[in-house]
Amino acid sequence: MSQTYEPREIEQRWQSKWDEERTFRTPNPGDDDFDPSRPKFYVLDMFPYPSGAGLHVGHPIGYIGSDVVARRARMQGRNVLHPMGFDAFGLPAEQYAIETGVHPGEFTRDNIDTYRRQLQMLGLSYDWDRELSTCDPKYYRWTQWIFTRLFDRGLAYQAEVPVWWCEALKTVLANEEVINGRSERGDHPCERKMLKQWMLKITAYADRLIDDLDGVDWPESVKTMQREWIGRSEGAEVDFRLELDGADPLTVFTTRPDTLHGATFMVLAPEHPMVPELVTDDQRGEVEGYVQAAQVKSDLERTDLAKSKTGVFTGAYALNPLLDAEDPAARVPIWVADYVLMGYGTGAIMAVPGHDERDHEFASAYDIPIRQVVAPSGCEESSDACFTGDGVAINSGELDGLETAEAKAAAIQALSDRGTGRPKVTYRLRDWLFSRQRYWGEPFPVVHTADGAVHRVPDEALPVELPEVDDYAPAADGSAPLARATDWLNAQAPDGTDAQRDTDTMPGWAGSCWYYLRFMDPHNDVAPFDAEAQKYWGNVDLYVGGVEHAVLHLLYSRFWHKVLYDEGIVTTPEPFQKLFNQGMLTAFAYKDSTGRLVPTDQVDVTDDVGVKRETGETLEQVIAKMSKSLRNVVNPDEVIEEYGCDTFRLYEMFMGPLSDSKPWNPRDVPGCRRFLDRVWRLFVVEDGADPIKPALLQDGDGGSQTEELERHLNRAIKRIDDSFGPFNFNTGIAALMSFVNEATKAPDALTRSQAQRFVLALSPFAPHIAEELWARLGEGESVSRAAWPVVDERYLVDEEYELVVQIRGKVRGKAMVPKGADNAALEESAREAVGELLDGQEVVKVIVVPERLVNFVVK
RNA sequence: GGGGGAGUGGCGGAAUCGGUAGACGCAUCGGCCUUAAAAGCCGAAGUCCGCAAGGACGUCCGGGUUCGAGUCCCGGCUCCCCUACCA
Numbered sequence: 000m001s002q003t004y005e006p007r008e009i010e011q012r013w014q015s016k017w018d019e020e021r022t023f024r025t026p027n028p029g030d031d032d033f034d035p036s037r038p039k040f041y042v043l044d045m046f047p048y049p050s051g052a053g054l055h056v057g058h059p060i061g062y063i064g065s066d067v068v069a070r071r072a073r074m075q076g077r078n079v080l081h082p083m084g085f086d087a088f089g090l091p092a093e094q095y096a097i098e099t100g101v102h103p104g105e106f107t108r109d110n111i112d113t114y115r116r117q118l119q120m121l122g123l124s125y126d127w128d129r130e131l132s133t134c135d136p137k138y139y140r141w142t143q144w145i146f147t148r149l150f151d152r153g154l155a156y157q158a159e160v161p162v163w164w165c166e167a168l169k170t171v172l173a174n175e176e177v178i179n180g181r182s183e184r185g186d187h188p189c190e191r192k193m194l195k196q197w198m199l200k201i202t203a204y205a206d207r208l209i210d211d212l213d214g215v216d217w218p219e220s221v222k223t224m225q226r227e228w229i230g231r232s233e234g235a236e237v238d239f240r241l242e243l244d245g246a247d248p249l250t251v252f253t254t255r256p257d258t259l260h261g262a263t264f265m266v267l268a269p270e271h272p273m274v275p276e277l278v279t280d281d282q283r284g285e286v287e288g289y290v291q292a293a294q295v296k297s298d299l300e301r302t303d304l305a306k307s308k309t310g311v312f313t314g315a316y317a318l319n320p321l322l323d324a325e326d327p328a329a330r331v332p333i334w335v336a337d338y339v340l341m342g343y344g345t346g347a348i349m350a351v352p353g354h355d356e357r358d359h360e361f362a363s364a365y366d367i368p369i370r371q372v373v374a375p376s377g378c379e380e381s382s383d384a385c386f387t388g389d390g391v392a393i394n395s396g397e398l399d400g401l402e403t404a405e406a407k408a409a410a411i412q413a414l415s416d417r418g419t420g421r422p423k424v425t426y427r428l429r430d431w432l433f434s435r436q437r438y439w440g441e442p443f444p445v446v447h448t449a450d451g452a453v454h455r456v457p458d459e460a461l462p463v464e465l466p467e468v469d470d471y472a473p474a475a476d477g478s479a480p481l482a483r484a485t486d487w488l489n490a491q492a493p494d495g496t497d498a499q500r501d502t503d504t505m506p507g508w509a510g511s512c513w514y515y516l517r518f519m520d521p522h523n524d525v526a527p528f529d530a531e532a533q534k535y536w537g538n539v540d541l542y543v544g545g546v547e548h549a550v551l552h553l554l555y556s557r558f559w560h561k562v563l564y565d566e567g568i569v570t571t572p573e574p575f576q577k578l579f580n581q582g583m584l585t586a587f588a589y590k591d592s593t594g595r596l597v598p599t600d601q602v603d604v605t606d607d608v609g610v611k612r613e614t615g616e617t618l619e620q621v622i623a624k625m626s627k628s629l630r631n632v633v634n635p636d637e638v639i640e641e642y643g644c645d646t647f648r649l650y651e652m653f654m655g656p657l658s659d660s661k662p663w664n665p666r667d668v669p670g671c672r673r674f675l676d677r678v679w680r681l682f683v684v685e686d687g688a689d690p691i692k693p694a695l696l697q698d699g700d701g702g703s704q705t706e707e708l709e710r711h712l713n714r715a716i717k718r719i720d721d722s723f724g725p726f727n728f729n730t731g732i733a734a735l736m737s738f739v740n741e742a743t744k745a746p747d748a749l750t751r752s753q754a755q756r757f758v759l760a761l762s763p764f765a766p767h768i769a770e771e772l773w774a775r776l777g778e779g780e781s782v783s784r785a786a787w788p789v790v791d792e793r794y795l796v797d798e799e800y801e802l803v804v805q806i807r808g809k810v811r812g813k814a815m816v817p818k819g820a821d822n823a824a825l826e827e828s829a830r831e832a833v834g835e836l837l838d839g840q841e842v843v844k845v846i847v848v849p850e851r852l853v854n855f856v857v858k
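In structure tokens:
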């Protein structure tokens with residue numbers, strides 16, 4: 000029998016064994032084999048949406064990283080929860096269903112099978128007994144259950160709101176799903192419409208969502224994005240009385256009440272409800288035309304493309320509440336302009352062109368007066384320029400001389416006294432639009448009675464299962480597919496009266512809001528999860544995923560988690576203690592002289608130079624995202640087929656720090672395979688008959704070379720350990736490579752103990768070859784449950800080291816010196832090392848840094 | 001416009017505290033092995049000058065601090081990611 004390294008055979012054999020023996024099964028509190036003395040560790044990947052295309056090599060880089068962490072934690076004696084599941088409701092499956100008539104559930108199931116197969120091929124140590132899928136009624140029963148808790152608390156409500164309507168998708172989309180007026184999925188145009196929708200009151204949690212970020216170990220950039228997304232801003236609401244009999248005052252929001260005296264006009268959003276009421280007859284035609292034009296403009300046109308601001312005068316005037324009505328400055332004209340958005344604040348502003356860039360731009364365009372009311376500190380001059388910073392109030396009556404902060408407070412006080420204003424905190428965050436007129440999602444667990452009341456479905460009647468329909472497409476009028484499931488539609492309210500089910504479904508984000516909790520107890524059919532299990536597992540210790548979820552998923556999950564915390568069913572205020580974002584995996588692409596990217600399959604690459612096959616033109620190598628159009632997408636199946644899964648895992652970890660974005664280079668992959676070949680040959684004589692070198696089956700203590708190897712091994716394990724902090728496994732793997740290089744040069748010096756510790760240190764990265772060598776070393780237990788090797792500090796220090804000798808900071812010599820030598824001895828050795836180079840030089844100063852260098856400073 | 005990150009050989013990337021720049025891997029070149037090739041093993045290799053010994057220059061650019069700067073400070077350039085009229 001040949002003893003060559005055959006990764007495919009080894010990997011398949013061990014994967015089957017792990018599967019059969021449930022090697023990575025994680026017991027819960029209460030299970031027979033649960034050991035409460037071990038500390039818990041919950042490592043979670045952001046679970047994937049299983050698309051039809053399968054995984055590409057960029058997908059698993061985070062999964063491999065978290066798997067490496069999970070495997071080491073297990074070897075360090077922790078109870079490791081490391082599960083995987085699928086985010087399975089959502090638009091792509093439904094679009095596919097509409098196009099093909101295939102049930103989205105069937106399509107999704109097939110995709111999940113592909114994903115599961117691909118994930119299992121990677122040798123990831125998941126506890127597959129805990130696998131879940133958000134479209135499974137056993138799962139979404141509890142998603143609905145949580146929704147009813149939100150409903151009971153008044154956090155879920157229906158309202159007529161302006162929403163993004165996507166005609167192509169025939170559904171509403173959340174603000175976040177619309178980018179520049181086009182749908183994020185599919186890039187279809189979208190428009191604003193008023194529709195009755197389910198909303199979740201996430202704004203009630205805005206402050207807690209900001210404040211509790213302080214307690215989690217997340218990248219600062221993600222915390223910043225969340226804070227900015229919530230966008231808390233403090234200021235005041237100010238009421239402007241209109242010069243119009245019987246009209247309600249016009250309320251605006253401002254963060255700068257101190258600049259109220261500088262308000263020379265006001266602006267309403269085109270959608271503002273008071274526009275038709277206050278516009279004068281003279282101006283009506285022009286205003287209506289403008290409002291209509293704004294309505295059909297996409298957001299893209301209203302923002303990006305519109306470099307200059309536009310607007311029209313309504314003919315109406317309002318009165319500044321801080322000024323005497325007789326004061327001519329109190330009378331401010333009201334304009335309509337689309338740079339003011341209905342969705343923020345009150346949809347109306349007081350415009351202070353002296354101290355706001357946008358207002359300044361508008362005033363300049365329409366010749367509106369600019370009044371300076373804040374002077375930069377220490378400078379009494381005022382100018383026509385726009386000053387947006389803090390300073391001292393001027394031209395502001397009673398506020399004059401006050402610093403900006405004081406002036407704000409004084410202005411708010413003055414307004415409050417007059418009953419024309421009040422302090423106000425506004426958030427950029429809107430309530431969460433939570434319904435879709437689609438089929439493939441969780442039905443709402445509510446029924447509507449004829450009297451217009453909404454009743455939530457009692458717990459025991461959950462889940463409200465999705466009915467079968469024969470057409471998944473929304474109707475042309477925008478009514479949901481579920482409206483056609485007539486039998487299903489008719490239900491009863493809890494008191495027995497006739498009722499209708501809700502025909503909307505929840506958005507794709509719903510299921511992912513709490514899946515990390517279900518993993519703690521995924522088969523529970525009397526509760527979303529057992530209280531004991533949740534208490535033990537707590538929150539996620541390490542959550543690994545892409546930065547693209549920095550706001551939406553992570554914000555929504557945090558919101559639901561806090562609601563569950565208030566319900567008393569989770570014990571931590573935050574769901575994810577530490578967050579880590581893996582970098583994006585890119586690929587090389589090639590640009591021709593016109594700067595166009597050439598599809599990779601039309602490029603020949605030799606010696607890192609790309610040449611366009613047809614024309615022979617030399618191309619410039621650049622780094623680009625992997626994309627279908629560039630044909631530079633690499634499929635993991637092929638890499639694993641050619642080199643093996645251990646090589647694939649090792650390469651992905653060896654490329655660079657896990658958080659960095661870096662290019663996949665197919666030419667580098669064989670280097671990692673070569674390393675594993677060398678590892679193998681260190682243990683196994685390939686053309687021999689023994690499964691392992693016989694010397695490795697006995698304890699031995701070797702000679703001086705063994706001692707030297709021991710240093711290398713301890714250094715390598717130290718670097719591996721260190722790499723788990725910053726997730727730069729590339730440095731740890733490099734140290735393992737160095738060890739193998741040394742051991743290969745002295746093959747007889749390697750002892751059994753060293754061989755074992757090396758295999759253990761390698762095992763998180765290349766678990767299959769590690770299991771195989773571990774077994775061949777005669778060990779019966781899986782390497783994944785063996786104890787992680789401990790560094791022996793004594794081997795990290797050398798008794799002799801190389802002292803660098805510099806003259807004026809330039810390296811001029813080296814000397815081997817014993818550790819612990821005193822400064823005088825070091826200087827003496829240094830003088831010897833540089834010899835005559837110091838002759839005739841005047842040494843002004845000698846810098847001695849023990850363990851490092853000696854530097855002679857000469858004139 | 002705002003926020004975040006990054007610029008080191010032909011390429012991916014190393015370099016605890018300011019202390020030998022380029023670990024490890026790829027590609028390249030040489031040697032050994034072989035009838036030959038592949039594989040493997042051993043070795044060279046930042047750039048420039050030099051036969052060599054050796055020297056000069058080198059971490060995006062320009063200044064500064066220091067005995068000594070990839071690392072610290074000031075100014076500028078380039079690239080990537082996110083975000084975008086939020087009053």
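Using numbering that gives the first Met the number 0, the first residue of the first sequence is number 0, and each one after it goes up by one. Just so it is clear, CB atoms sit at the ideal spot from N, CA and C, and this is done for glycine as well.
#1: DSSP puts S132 in a beta bridge; with which residues?
#2: What's the call for V525, buried or exposed, on a 16-neighbour Cβ count within 10 Å?
#3: Sorted by chain position, which residues of the same chain lie with C-beta nearer than 7 Å to K561's C-beta, five sequence neighbours on each side aside?
#4: Would you kindly work out how many angstroms separate the C-alpha atoms of L277 and M625, rounded to a whole number?
#5: My guess is that F40 and D720 are in contact by the Cβ rule of under 8 Å, so how many angstroms apart are they, rounded?
#6: Figure out for me which residue from W679, R71, T250 and D186 has the closest Cα to the Cα of T3.
#7: Under 6 Å Cβ to Cβ from A305, same chain only, skipping five residues before and after it: list those, please.
#8: Should S15 be labelled buried (16 or more other beta-carbon atoms within 10 Å of its own) or exposed?
#9: So, is P473 buried or exposed, given that buried needs 16 or more other C-beta atoms within 10 angstroms?
#10: Bridge partners for H447 per DSSP, in chain order?
#11: Measure the CB-CB distance between Y794 and E850 and report whether it falls below 7 Å.
#12: What's the C-alpha gap between G61 and A392?
#13: Using a Cβ-Cβ cut-off of 8 Å (strictly less than) and excluding sequence neighbours within five positions of P91, which residues of its own chain qualify?
#14: Under the rule that 16 or more other beta-carbon atoms within 10 Å means buried, what is R21, buried or exposed?
#15: In whole angstroms, what is the alpha-carbon distance linking R12 and E770?
#16: Measure the beta-carbon distance from T133 to Y139 and round it to whole angstroms, keeping in mind my assumption that it falls under 8 Å.
#17: Mind the definition here: the segment 29 to 44 touches the segment 98 to 105 only if three or more C-beta pairs lie below 8 Å; say whether that holds.
#18: What is the C-beta distance between T142 and A509, in whole angstroms, given that I count them as a contact (C-beta under 8 Å)?
#19: Taking C-alpha atoms, which residue in V177, N822 and P28 lies nearest to L852?
#20: Could you give the distance in angstroms between the alpha-carbon of D636 and the alpha-carbon of A760?
#21: In its own chain, which residues sit with a C-beta less than 7 Å from the C-beta of P574, not counting the 5 before and 5 after it?
#22: List in chain order: all unbroken alpha helix (DSSP H) runs of 4+ residues lying wholly within the segment 740 to 819.
#23: Which of helix, strand or coil does DSSP assign to D399?
#24: Counting beta carbon pairs with one atom in the segment 312 to 326 and one in the segment 219 to 233, are three or more of them shorter than 8 Å?
#25: What is the DSSP secondary structure of P188, reduced to helix, strand or coil?
#26: Note down the Cα distance separating R714 from G84, rounded to an integer number of angstroms.
#27: Tell me which residue opens and which closes the alpha helix (DSSP H) that M583 is part of.
#28: Assign G655 to one of three DSSP states: helix, strand, or coil.
#29: Could you pull out every residue in the same chain whose Cβ sits closer than 6 Å to the Cβ of W164, ignoring the five residues on either side in sequence?
#30: Output needed for V445: all residues of its chain with C-beta closer than 6 Å, excluding positions within five of it in sequence on either side, in chain order.
#31: Using DSSP bridges, identify the partner residues of N854.
#32: Just the Cα atoms here: how many angstroms apart are P598 and P665?
#33: Taking DSSP as the reference, what is the three-state secondary structure of T593?
#34: Based on Cα-Cα distance, which residue from L695, K809 and A733 lies nearest to Q755?
With the given structure in hand:
#1: F85
#2: exposed
#3: In its chain, beyond the 5 residues on either side, Y204, R207 and P572 have a beta carbon closer than 7 Å to the beta carbon of K561.
#4: Linking L277 to M625 through their CA atoms gives a straight-line distance of about 54 Å.
#5: Rounded to whole angstroms, the Cβ separation of F40 and D720 is 16 Å, and the two are not in contact under 8 Å.
#6: Of the listed residues, the one whose Cα sits closest to T3 is W679.
#7: For A305, the predicted structure reports a pLDDT of 49, less than 50, and the residue's modelled location is therefore unreliable. The matter cannot be settled from this model.
#8: exposed
#9: It counts as buried.
#10: V453 and Q499
#11: no
#12: About 54 Å.
#13: Y48, S50, G51 and R184
#14: The Cβ neighbour count for R21, taken over all protein chains shown within 10 Å, is under 16; the residue is labelled exposed.
#15: 10 Å
#16: 6 Å
#17: no
#18: 6 Å
#19: N822
#20: 26 Å
#21: Y515, N538, V539, S556, R557 and H560
#22: 751 to 761 and 766 to 775
#23: coil
#24: no
#25: strand
#26: 38 Å
#27: Here M583 belongs to no alpha helix (DSSP H), and DSSP marks it neither H nor E.
#28: coil
#29: V171, E190 and K192
#30: V453, R455 and D501
#31: Q805 and I846
#32: 16 Å
#33: coil
#34: L695
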